[in-house]
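Working notes for the structure below.
Residue numbers (the numbering used here): 39 to 167.
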């Protein structure tokens, strides 16, 4: 992607996982924004809006990650000129966060189960009236 100067490439992980992939890659602002947009699309009832969001994530995930990584490295280089300190800071700011996306996915799953049970209970109450 970098050698060809293209801003569009394809990332299957960001296509299928979307906001969870962003959170895994420690792009918390983008991940939160994608969750909010996804919820808004769902609440507005836009058909196949989720698919458009997934395609956009798949197309621009790599570019977004590259730009965020570059910003972090430039920021770290302005803080210190010591290469060892830079390496340690890059190592701590970079990497991945597996716990957060798993936690979000589990919470989302539990909320979905709760809403299904609640909806079933309400429907049964009206059915037997």
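Glycine included, C-beta positions come from ideal geometry on N, C-alpha and C.
**Request:** May I have a chain-ordered list of the beta strand (DSSP E) segments no shorter than 3 residues that lie completely inside the region 44-116?
**Result:** none
**Asked** Are the region 77-89 and the region 125-135 touching, with three or more C-beta to C-beta distances below 8 Å?
**Response** no
**Request:** Determine the extent of the alpha helix (DSSP H) in which residue 118 is found, giving its start and end residues.
**Result:** Locating residue 118 in the chain shown gives position 80, counting from the first residue. Element bounds for residue 118: n/a, residue is neither H nor E.
**Prompt:** Comparing alpha-carbon positions, which option in 143, 151 and 125 lies nearest residue 110?
**Reply:** Indexing the chain shown from 1 puts residue 110 at position 72. Relative to residue 110, the option among 143, 151 and 125 whose CA is nearest is 125.
**Item:** Cβ contact check for the region 135-143 and the region 81-101: 3 or more pairs under 8 Å
**Value:** no
**Request:** Compute the beta-carbon to beta-carbon distance between residue 101 and residue 47, rounded to the nearest angstrom, for a pair I have assumed lies under 8 Å.
**Result:** The sequence position of residue 101 within the chain shown is 63, counting from 1. The sequence position of residue 47 within the chain shown is 9, counting from 1. Contact flag correct, Cβ pair sits at about 7 Å.
**Message:** Is the beta carbon of residue 82 closer than 7 Å to that of residue 56?
**Reply:** To locate residue 56, count along the chain shown from 1; it is residue 18. To locate residue 82, count along the chain shown from 1; it is residue 44. No, the Cβ-Cβ distance between residue 56 and residue 82 is not below 7 Å.
**residue 165, DSSP secondary structure in three states** = Counting from 1 along the chain shown, the entry for residue 165 is found at position 127. Helix.
**Asked** Using DSSP with H/G/I as helix, E/B as strand and the rest coil, what is residue 156?
**Response** On the chain shown, position 118 is the one that residue 156 refers to. Residue 156 falls in the helix class under three-state DSSP.
**Prompt:** For residue 146, which of helix, strand or coil comes out of DSSP?
**Reply:** Position 108 of the chain shown, counted from the start, is the residue given in the question as residue 146. Judged by DSSP in its simplified three-state form, residue 146 adopts helix.
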